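>
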Amino acid sequence: MVIKLKPQGPRCKKFEFWTKVAKVTKPQGPKWQFTLNKLYKAKWPANWSDSKLKTFWETKKNKQSPSSSSSPSTSTQMQPENLLLHHTHHHHLSLGCPILDAALGGGIPSNSITELVSESGCGKTQLSLQLLFTAQLPHGLSGSSLYLYSEFPFPYRRFAQLLHSFRSSHPILFANYRDPCDHIFTRDCHTAHHLLDVLLQLESRLKHPKETRLDIKLIVIDSIAALFRSEFENNGADLKKRSALFFKISSVLKMYAKRFGIAVVITNQVVDLVDDSEGVSGVQVGNLEGMWTSGRRVCPALGLSWANCVNSRLFLSRREVIEGVENGLQGDDYGGFVNRRQRRELHVVFAPHLPYSSCEYVIRKEGVFGVDR
């Protein structure tokens, strides 16, 4: 729309504002020109802000064009989404093991955020690295991966082991000298604000995958707790800022997951749970009574605010078990042996599509695999 008015004086600023509004809303017809001229000639009160003027503009426009009120670009109120219009079937990211995939209903779902919670030594980083390779499989997401890490240094040795195992198990896929590392992108993040900046810069690359040769279908953040523990103190002001940053990061990730069909996996640490009174809020956080590892009760780090930012939570636990006693008697003359080993289990703490369940797994040189019971 071409505006022929040439305002001068104090109304020039308001006229420029309405010119921008007209370009965004793209009004058509002589009625829009008449309305804009009328608003320009009117005597606005000095205390009217731009937001109030914009609300007045939207009200005028909706009265003249009732059909435009249903458009999300012209409506002033947020409309709730109709979940019945969403597709119920989503692609799943394989974990590289049919037993683990069956325990999770097909694997890691796309269009959502999945959290891996465990103490150190349970294999959450190894499982995250394994997902970087399985995301390239044709029957999975068949895309590239972005690995954002805050734990230094990067585990190059373990990454090389999994790379060799992945090439050996899929020789046909990489027969033509195709390198799986060409589809894995890594980036270090030192602070939570740095992570948010990296995620915001990622949007342009996701919109134009052909131009930048990026077809990212998996985003891994390892780990989220390390970013916030060093940057914020345990006081009211910092906790408020931390929660606000939680929601900013999760909203960006959920937008990418929904718009581009990306699977988001975030690793988190645990803290010891010493106060039994927190069991009441444990139901809200997600079945804290069942989170035991190494003989102690734990809970995920970052609290309830972060728990509301993820869609699914998986808990990796370990405990020492005794396999059996052979060839001996109890007492001083005992000559047998006791086979002790670490038993690791993957638990579904909460998920919108899965009930609570668990599955035993083992960590080998070739990767992380489930154990068939």
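The sequence shown begins at 1304 in this note's numbering and counts up by one. For every residue, glycine included, the Cβ atom is placed at its ideal position computed from N, Cα and C. Just so it is clear, the structure is predicted and the values come from calculations on it, not from any experiment.
Check whether the Cβ atoms of residue 1664 and residue 1403 lie closer than 8 Å to each other.
Within the sequence shown, the letter at position 361 stands for residue 1664. Within the sequence shown, the letter at position 100 stands for residue 1403. The answer is yes: Cβ separation under 8 Å.
> For the alpha helix (DSSP H) that contains residue 1457, what are its first and last residues?
Here residue 1457 corresponds to residue number 154 of the sequence shown, with the count starting at 1. Per DSSP, residue 1457 belongs to no alpha helix (DSSP H) and is neither H nor E.
> With distance defined between alpha-carbon atoms, name the residue in 1527, 1509, 1465 and 1413 nearest to residue 1519.
For the purposes of this step, residue 1519 is taken as residue 216 along the sequence shown, with counting starting at 1. Among 1527, 1509, 1465 and 1413, the Cα nearest to that of residue 1519 is on 1509.
> Using the rule of at least 16 other Cβ atoms within 10 Å of the residue's Cβ for burial, across every protein chain shown, is residue 1583 buried or exposed?
Taking the sequence shown and counting its residues from 1, one reaches residue 1583 at position 280. Residue placement at residue 1583 cannot be trusted, given a pLDDT of 44 that sits under 50; what the coordinates show is reported in the next sentence. With fewer than 16 Cβ atoms within 10 Å of its Cβ, residue 1583 is classed as exposed.
> What is the DSSP secondary structure of residue 1377, reduced to helix, strand or coil?
Looking up residue 1377 in the sequence shown gives position 74. Low local confidence applies: a pLDDT of 39 at residue 1377 is under 50, so the model's placement there is unreliable, with the coordinate-based value given in what follows. Coil, per DSSP.
> Go through its chain and collect everything with a Cβ distance to residue 1620's Cβ below 6 Å, but skip five positions before and after it.
Indexing the sequence shown from 1 puts residue 1620 at position 317. For residue 1620, where only same-chain residues beyond five positions count, the Cβ hits under 6 Å are 1596 and 1648.
> The alpha helix (DSSP H) spanning residue 1693 covers which residue range?
Any question about residue 1693 goes unanswered here, given that the chain covers just 1304 to 1676.
> Mapping DSSP to helix, strand and coil, what is residue 1645?
Sequence index remark: in the sequence shown, residue 1645 carries index 342 (1-based). If DSSP states are grouped into helix, strand and coil, residue 1645 belongs with the strands.
> Using DSSP with H/G/I as helix, E/B as strand and the rest coil, what is residue 1418?
The residue labelled residue 1418 in the question sits at position 115 within the sequence shown. Correct three-state label for residue 1418: strand.
> Using CA atoms only, rank isn't needed, just tell me which of 1398, 1406 and 1420 is closest to residue 1616.
What you label residue 1616 is simply residue 313 of the sequence shown in a count that begins at 1. Minimum Cα distance to residue 1616 is reached at 1420.
> Go through its chain and collect everything with a Cβ distance to residue 1455's Cβ below 8 Å, but skip five positions before and after it.
Counting from one through the sequence shown, the residue named residue 1455 turns up at place 152. Around residue 1455: 1491.
> Please go through the stretch 1457-1514 and give each complete alpha helix (DSSP H) segment of 4 or more residues, from N-terminal end onward.
Whole alpha helix (DSSP H) segments, 4+ residues: 1459-1472 and 1495-1510.
> In chain order, what residues of the same chain have a beta carbon less than 8 Å from the beta carbon of residue 1441, not counting five sequence neighbours either side?
For the purposes of this step, residue 1441 is identified with residue 138 of the sequence shown, where counting begins at 1. Same-chain partners within the cutoff: 1476.
> If you draw a straight line from the alpha carbon of residue 1399 to that of residue 1467, how long is it in whole angstroms?
In the sequence shown, counting from the first residue as 1, residue 1399 sits at position 96. In the sequence shown, counting from the first residue as 1, residue 1467 sits at position 164. Whole-angstrom Cα-Cα distance: 14 Å.
> Start and end of the beta strand (DSSP E) containing residue 1521?
On the sequence shown, residue 1521 is found 218 positions in, with the first residue counted as 1. Start and end: 1519-1525.
> DSSP three-state call for residue 1402: helix, strand or coil?
If you number the sequence shown from 1, residue 1402 lands on position 99. Residue 1402 falls in the helix class under three-state DSSP.
> Return helix, strand or coil for residue 1436, following the three-state DSSP convention.
By one-based count along the sequence shown, residue 1436 stands at place 133. Residue 1436: helix per DSSP, three-state reduction.
> Taking the alpha carbon of residue 1425 as the reference point, which residue from 1642, 1498 and 1573 has its own alpha carbon closest?
Sequence index remark: in the sequence shown, residue 1425 carries index 122 (1-based). For residue 1425, the nearest C-alpha among the options comes from 1573.
> Ignore the nearest five residues each way along the sequence and tell me which others in residue 1526's own chain have a CB closer than 7 Å to its CB.
Taking the first residue of the sequence shown as position 1, residue 1526 is located at position 223. These residues qualify, in order along the chain: 1453, 1454, 1570, 1571 and 1572.
> Could you have a look at residue 1583 and say whether DSSP puts it in helix, strand or coil?
Counting from one through the sequence shown, the residue named residue 1583 turns up at place 280. Because residue 1583 carries a pLDDT of 44, less than 50, the predicted location of this residue cannot be relied on, and no value is offered for it.
> Using the rule of at least 16 other Cβ atoms within 10 Å of the residue's Cβ for burial, across every protein chain shown, is residue 1374 buried or exposed?
As a working note, residue 1374 is residue 71 in the sequence shown. Residue placement at residue 1374 cannot be trusted, given a pLDDT of 41 that sits under 50; the coordinates are not used to answer.
> Between the Cα of residue 1428 and the Cα atoms of 1599, 1474, 1646 and 1568, which residue gives the shortest distance?
Start at 1 with the first residue of the sequence shown, and residue 1428 comes out as number 125. The shortest C-alpha separation from residue 1428 is found at 1568.
> In chain order, what residues of the same chain lie with their CB nearer than 6 Å to the CB of residue 1535, ignoring the 5 residues before and after it?
Within the sequence shown, the letter at position 232 stands for residue 1535. Only 1541 and 1545 meet the Cβ criterion.
> Give me the Cβ distance between residue 1599 and residue 1625, rounded to the nearest whole Å; I'm assuming they're in contact under 8 Å.
As a position in the sequence shown, residue 1599 is number 296, starting the count at 1. As a position in the sequence shown, residue 1625 is number 322, starting the count at 1. Their Cβ separation, rounded to whole angstroms, is 19 Å, which puts residue 1599 and residue 1625 out of contact at 8 Å.
> Less than 7 Å between C-beta atoms, sequence neighbours within five positions excluded: which residues of the same chain meet that for residue 1623?
Translated into positions along the sequence shown, residue 1623 becomes position 320. Excluding residues within five positions, the ones whose Cβ falls inside 7 Å are 1643 and 1645.
> Please work out which residues of its chain come closer than 7 Å, Cβ to Cβ, to residue 1530, disregarding the five sequence neighbours upstream and downstream, and give them in chain order.
Position 227 of the sequence shown holds residue 1530. So the list reads 1453, 1492, 1494, 1495 and 1498, once near-sequence residues are dropped.
> Mind checking who residue 1612 pairs with in its DSSP beta bridge?
As a working note, residue 1612 is residue 309 in the sequence shown. Paired residue(s): none; residue 1612 is not in a bridge.
> Going by beta-carbon coordinates alone, are residue 1438 and residue 1448 separated by less than 8 Å?
Within the sequence shown, numbered from 1, the residue matching residue 1438 stands at position 135. Within the sequence shown, numbered from 1, the residue matching residue 1448 stands at position 145. Yes, Cβ-Cβ distance for residue 1438 and residue 1448 is below 8 Å.
> Do you know offhand how far residue 1503's Cα is from residue 1555's?
As a first step, residue 1503 must be located in the sequence shown, where it is residue number 200. As a first step, residue 1555 must be located in the sequence shown, where it is residue number 252. In a straight line, the C-alpha of residue 1503 is about 8 Å away from that of residue 1555.
> Which same chain residues, not among the five before or five after residue 1550, have their C-beta less than 7 Å away from its C-beta?
The residue you call residue 1550 lines up with position 247 of the sequence shown. Correct list, in chain order: 1612.
> Please report the straight-line C-alpha distance between residue 1543 and residue 1604, rounded to a whole angstrom.
Along the sequence shown, one-based indexing puts residue 1543 at 240. Along the sequence shown, one-based indexing puts residue 1604 at 301. Taking the straight line from one Cα to the other gives about 16 Å.
> Taking only the alpha-carbon atoms, compute the straight-line gap between residue 1657 and residue 1576 and give it to the nearest angstrom.
Residue 1657 sits at position 354 when you count from the first residue of the sequence shown. Residue 1576 sits at position 273 when you count from the first residue of the sequence shown. The straight-line gap from Cα to Cα measures roughly 25 Å.
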